[in-house]
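> The structure that follows is given in the form of structure tokens.
Residue numbers (the numbering used here): 0 to 144.
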């Protein structure tokens with residue numbers, strides 16, 4: 000599985016930790032930045048990851064900023080994206096099973112590394128259930144028209 004990752008300066012430490020974690024587990028990770036703690040604008044990195052996911056260059060994305068709010072709002076502006084802000088494993092599970100989220104968003108200043116690893120594992124190991132959820136996701140996607 001190929002995963003696009005991105006963060007702003009507020010999420011760089013957690014992004015680097017999760018990137019290393021995923022590489023050790025055998026995932027392919029494409030890092031869309033940022034690469035240092037210099038202040039940057041999170042919409043730029045959210046857009047880069049979202050566009051890679053929509054273009055199917057990557058299977059899914061993970062975005063991190065200080066709270067996860069900014070990157071999730073920005074990513075969801077890209078047509079075809081369903082970015083879910085998750086701060087717990089149940090939300091990560093439901094984001095995939097019920098909403099077929101294609102980008103997971105987290106906040107470095109909100110959750111710790113251990114919880115972030117569990118959220119990522121839950122998200123990546125979950126599958127969209129389809130059925131009545133497919134109808135609902137289709138209605139979400141129709142809002143873009």
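In this text, a Cβ means the ideal position worked out from N, Cα and C, and glycines have one as well.
All of these numbers come straight from a predicted model, not from anything done at the bench.
1) In whole angstroms, what separates the C-alpha of residue 53 from that of residue 39?
2) For a cutoff of 8 Å on Cβ pairs, would you count residue 31 as touching chain D?
3) For residue 140 and residue 79, I'd like the C-alpha separation in whole angstroms.
4) If you follow the alpha helix (DSSP H) that residue 104 is in, where does it begin and where does it stop?
5) For residue 34, which option in 8, 41, 42 and 58 has the closest C-alpha, if you only look at C-alpha atoms?
6) What would DSSP say about residue 28, mapped onto helix, strand or coil?
7) Based on the DSSP secondary-structure assignment, which residues constitute the bridge partners of residue 130?
8) In angstroms, rounded to a whole number, what distance separates the CA positions of residue 32 and residue 129?
9) Would you give the residue range spanned by the alpha helix (DSSP H) that residue 88 belongs to?
10) Under the rule that 16 or more other beta-carbon atoms within 10 Å means buried, what is residue 49, buried or exposed?
11) Drop a sphere of 10 angstroms on the beta-carbon of residue 56, count the other beta-carbons inside from all chains shown, and report buried for 16 or more, exposed for fewer.
12) In the DSSP output, which residue or residues are listed as bridge partners for residue 84?
13) Whole angstroms is fine: what's the gap from residue 134's alpha carbon to residue 11's?
14) For residue 62, which beta-bridge partners are listed by DSSP?
15) Using CA atoms only, rank isn't needed, just tell me which of 118, 124, 111 and 77 is closest to residue 144.
According to the data block:
1) Translated into the one-based positions of the chain shown, residue 53 becomes position 54. Translated into the one-based positions of the chain shown, residue 39 becomes position 40. Distance between the alpha carbons of residue 53 and residue 39 is about 23 Å.
2) This model lacks chain D altogether, as it is built from one protein chain only.
3) For the purposes of this step, residue 140 is identified with residue 141 of the chain shown, where counting begins at 1. For the purposes of this step, residue 79 is identified with residue 80 of the chain shown, where counting begins at 1. If I take the Cα positions, the gap works out to 7 Å.
4) Working through the chain shown from its first residue, we reach residue 104 at position 105. No alpha helix (DSSP H) holds residue 104; the beta strand (DSSP E) holding it covers 102-106.
5) Along the chain shown, read from residue 1 onward, the residue named residue 34 stands at position 35. Nearest option by C-alpha distance: 8.
6) In the chain shown, residue 28 corresponds to position 29, counting from 1. Residue state, collapsed to three classes: strand.
7) Position 131 of the chain shown, counted from the first residue, corresponds to residue 130. Answer by DSSP bridge pairing: none, since residue 130 is not bridged.
8) Indexing the chain shown from 1 puts residue 32 at position 33. Indexing the chain shown from 1 puts residue 129 at position 130. Distance from the CA of residue 32 to the CA of residue 129, rounded to the nearest whole angstrom, comes to 33 Å.
9) If you number the chain shown from 1, residue 88 lands on position 89. Per DSSP, residue 88 belongs to the alpha helix (DSSP H) from 88-96.
10) Position 50 of the chain shown, counting from 1, holds the residue named residue 49. Classification for residue 49: buried.
11) Counted from its first residue, the chain shown places residue 56 at position 57. When all chains shown are included, residue 56 counts as exposed.
12) If you number the chain shown from 1, residue 84 lands on position 85. The partner list for residue 84 (beta bridge, DSSP) reads 104.
13) Indexing the chain shown from 1 puts residue 134 at position 135. Indexing the chain shown from 1 puts residue 11 at position 12. For residue 134 and residue 11, the distance between alpha carbons rounds to 36 Å.
14) Start at 1 with the first residue of the chain shown, and residue 62 comes out as number 63. 5 and 104.
15) Counting from 1 along the chain shown, the entry for residue 144 is found at position 145. Residue 144 has its Cα closest to that of 77, out of 118, 124, 111 and 77.
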